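In what follows, a structure is listed as structure tokens, so that the remarks can point back to it.
Chains as they are written, first to last, in the numbering used here: chain A, 288 to 617; chain B, 30 to 309.
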């Protein structure tokens, strides 16, 4: 009999403890704030209002909120219709449904028409223990393949709040990955500025560059601290907007460090690592490079600390990969 | 601004029939220069589009983006031949431009794109229309606009499950500013309707729609059904239209029912003579 593991799959809506600074419902809070002075903002969900943190909008502006039930194709179609009457439609569901189930509606009803629809995706990444039905780990790749679509993977509560305001202001169709409920504050809101389409160099060091997106930026910053204690100076480039991708920032970093590690909570093909390797290839660069991401397989159910460690996304595993990279191992 | 259509009583049936005939003539010309086209479907829906664009819709041909307009959504984008005919007849598109239908770089595409003036949605990925119509109806109501949304969809198209997601939502949101026009011409890509979809009126009625069923090629019936759909009683309206593919040209009405009608090069003159002979 296999050794029982310490963890367990959490119930839907149950959350691992968040140590340190955190904010409750950063997306819903920020959305209500912008909606106060932008009456054209409306919200929609497909029976996942409280699981995607959009219920503050429902409570603040009930006549501007529409729950279409468990019908994600219709969610996106209705959002597109609202946008075509001049509304800014924020539509929430889980990432797996926004992509796999509603893909044609995202592509044609929204992106092809440049409809002002902001798709905000719950449970993106390996951030649920509910297995392949709920883990959107190929969503960035799917969405980046759709023309006109802007794709965002924020790091923390600071990033989510700033990005929510930014995408409300920017016309067109967006896909943004979410963290809900109690969300860590990693980036200092006094110093950090989310800029649409721009990467942010959060830390400078000349030995290695870690290029990260989403919550892996938090892991990258922790890894950089650990590496510093070993005398390794790491840069951390945070890429919250994957499409359009900030090639200039990447190439500037690549010119300053001998090795790059790409860290994403996504399958290693079709996401950030693909963007990075394309940009490097086009620029004629071939630095030592490690791709830290998920394998091309469906992930099982389980506890997040267990799964993230097993699949190489925990901070200690990131540190190990960077150490190995510096010894020449990709 | 010249807003068209303050529906008159009695309705100008003879004028509308003349518009429908003129649109059919445009369609035959478009299909002829291309040697093909969705002429069967276009001829079948011509009476409904004539009744909408020249009687029921409140819109402004000189300003097709006017915010207060009624919206007409052609979910079946491949019926574009009929929409181009209506827009040309209304002066939105020059009649001479109809000759470019389906040609490279023409904005009068075989399947609609919303970059062409007068086109509300990209049709053709079937199952997309009704949900967007629900969204538009919600948006107009939020704006306290009294404009309405008319969405054409087809019998084959209702096999797409998204149609029923939207059909469930419209009565839930009490969208009495929404009219679904379900064109039942009995054909789809693989031939006669391949999987049972009847009873259509009862399906919509059971979802909570105020649903009627008419002969979609009977102008008086079309106009009367559209008038009845003006009721603002908290329920969306569905009009099931029984239409005849190829309507107006007997040789096409009786041809084997096909999604894409094949017409030989030497047939066009005879078809045109049939269309003109049948007028009135």
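Cβ coordinates follow ideal geometry from the N, Cα and C atoms, glycine included. If you're wondering where the values come from, they're calculated on a predicted model, not measured in any experiment.
Exposed unless 16 or more other CB atoms sit within 10 angstroms - verdict on residue 324(A): Residue 324(A) counts as exposed, since fewer than 16 other C-beta atoms from the protein chains shown sit within 10 angstroms of its C-beta.
Environment of residue 223(B) [buried if 16+ CB atoms lie within 10 Å]: Its Cβ having fewer than 16 others within 10 Å, residue 223(B) is exposed.
Coarse secondary structure for residue 309(B), derived from DSSP in three states: The predicted position of residue 309(B) is uncertain, since its pLDDT is 46 and thus under 50; a value taken from the coordinates is nonetheless stated next. If DSSP states are grouped into helix, strand and coil, residue 309(B) belongs with coil.
Whether residue 270(B) touches residue 213(B) by CB criterion (8 Å): Yes, the Cβ-Cβ distance between residue 270(B) and residue 213(B) is below 8 Å.
Under 8 Å between C-beta atoms of residue 519(A) and residue 436(A): If you check the CB distance, residue 519(A) and residue 436(A) do not come in under 8 Å.
Contact list for the segment 365-397 of chain A against chain B, Cβ threshold 8 Å: Against chain B - using a Cβ distance shorter than 8 Å - the residues of the segment 365-397 of chain A are 365, 366, 367, 368, 369, 370, 371, 372, 373, 374, 376, 391, 392, 395 and 396.
Contact the segment 522-529 of chain A vs the segment 380-388 of chain A: 3+ CB pairs below 8 Å: Touching, no.
Within chain B, partners of residue 355(A) - CB distance below 8 Å: 194 and 198, listed in chain order.
Local conformation of residue 217(B) per DSSP, three classes: Look at residue 217(B) here: in three-state DSSP terms it is strand.
Outcome for residue 1(B) when other beta-carbon atoms lying within 10 angstroms are tallied against a minimum of 16: Not covered by the structure: residue 1(B). The range shown for chain B is 30 to 309.
Minimum C-alpha distance to residue 190(B) - residue among 510(A), 451(A), 364(A) and 470(A): Comparing Cα-Cα distances from residue 190(B) to each of 510(A), 451(A), 364(A) and 470(A), the minimum goes to 364(A).
Cβ-based contacts, 9 Å cut-off: residues of the segment 153-170 of chain B near chain A: For chain A, the residues of the segment 153-170 of chain B that bring a beta carbon within less than 9 Å of one of its beta carbons are 153, 154, 156, 157, 158, 159, 160, 161, 162, 163, 164, 165, 166, 167, 168 and 169, in chain order.
Residue 400(A) - containing alpha helix (DSSP H), residue span: First-last for residue 400(A): undefined, no H or E at that position.
Chain-ordered chain B contacts of residue 325(A) [CB-CB under 9 Å]: By Cβ distance, chain B contributes nothing, its closest Cβ being about 13 Å from residue 325(A), past 9 Å.
For residue 80(B) and residue 171(B), the rounded distance between their alpha carbons: Rounded to whole angstroms, the gap between the alpha carbons of residue 171(B) and residue 80(B) is 28 Å.
Own chain residues within Cβ distance below 6 Å of residue 164(B), not counting five before or after: Within the same chain, residue 164(B) has no close Cβ partners at all.
Proximity test, Cβ basis, 8 Å: residue 345(A) and chain B: Not one beta carbon of chain B lies nearer than 8 Å to the beta carbon of residue 345(A).
When 560(A), 401(A) and 552(A) are compared against residue 598(A), the one with the closest alpha-carbon: Closest option to residue 598(A), Cα to Cα, is 552(A).
Residue-level contact to chain A via CB, residue 172(B), 8 Å cutoff: Yes - at least one Cβ of chain A is within 8 Å of the one on residue 172(B).
8 Å CB neighbourhood of residue 458(A) in its chain, flanking five on each side removed: These residues qualify, in order along the chain: 401 and 403.
Residue 243(B) beta carbon less than 8 Å from that of residue 258(B): No. Outside cutoff.
Boundaries (first-last residue) of the alpha helix (DSSP H) holding residue 610(A): First-last of the alpha helix (DSSP H) with residue 610(A): 602-613.
C-alpha gap between residue 279(B) and residue 300(B), whole angstroms: So the alpha carbons of these two residues sit roughly 8 Å apart.
Cβ of residue 360(A) within 8 Å of any chain B Cβ: Taking a beta-carbon distance threshold of 8 Å, residue 360(A) counts as an interface residue toward chain B.
Check: residue 569(A) C-beta below 7 Å from any heavy atom of the ligand MN: With respect to the ligand MN, the structure offers nothing, as it holds no ligand at all.
Distance CB(residue 372(A))-CB(residue 169(B)) smaller than 8 Å: Their beta carbons are under 8 Å apart, which means residue 372(A) touches residue 169(B) by this criterion.
For residue 33(B) and residue 92(B), the rounded distance between their alpha carbons: Near 11 Å, if we compare the C-alpha coordinates of residue 33(B) and residue 92(B).
Classification of residue 289(B) by the beta-carbon crowding that lies within 10 angstroms, buried from 16 upward: When all chains shown are included, residue 289(B) counts as exposed.
Rounded C-alpha distance that separates residue 262(B) from residue 359(A): If you take the alpha carbons of residue 262(B) and residue 359(A), they lie about 28 Å apart.
Contact list for residue 191(B) against chain A, beta-carbon separation under 7 Å: In chain order: 360, 361 and 364.
Amino acids of chain A, ordered along the chain, whose beta-carbon sits closer than 7 Å to that of residue 143(B): Contacts between residue 143(B) and chain A, judged by CB atoms closer than 7 Å, involve 400 in chain order.
Through-space distance from residue 377(A) to residue 312(A), alpha-carbon basis: CA-CA distance, residue 312(A) to residue 377(A), rounds to 15 Å.
Boundaries (first-last residue) of the beta strand (DSSP E) holding residue 551(A): Counting along the chain, the beta strand (DSSP E) containing residue 551(A) begins and ends at 546-554.
Assigned secondary structure, residue 342(A) (DSSP; H/G/I helix, E/B strand, else coil): In the structure shown, the three-state DSSP call for residue 342(A) is helix.
Beta carbon of residue 286(B) nearer than 8 Å to that of residue 215(B): Less than 8 Å divides the Cβ of residue 286(B) from the Cβ of residue 215(B).
Distance between beta carbons of residue 427(A) and residue 443(A), contact taken as under 8 Å: Wrong, their Cβ atoms sit about 17 Å apart, outside the cutoff.
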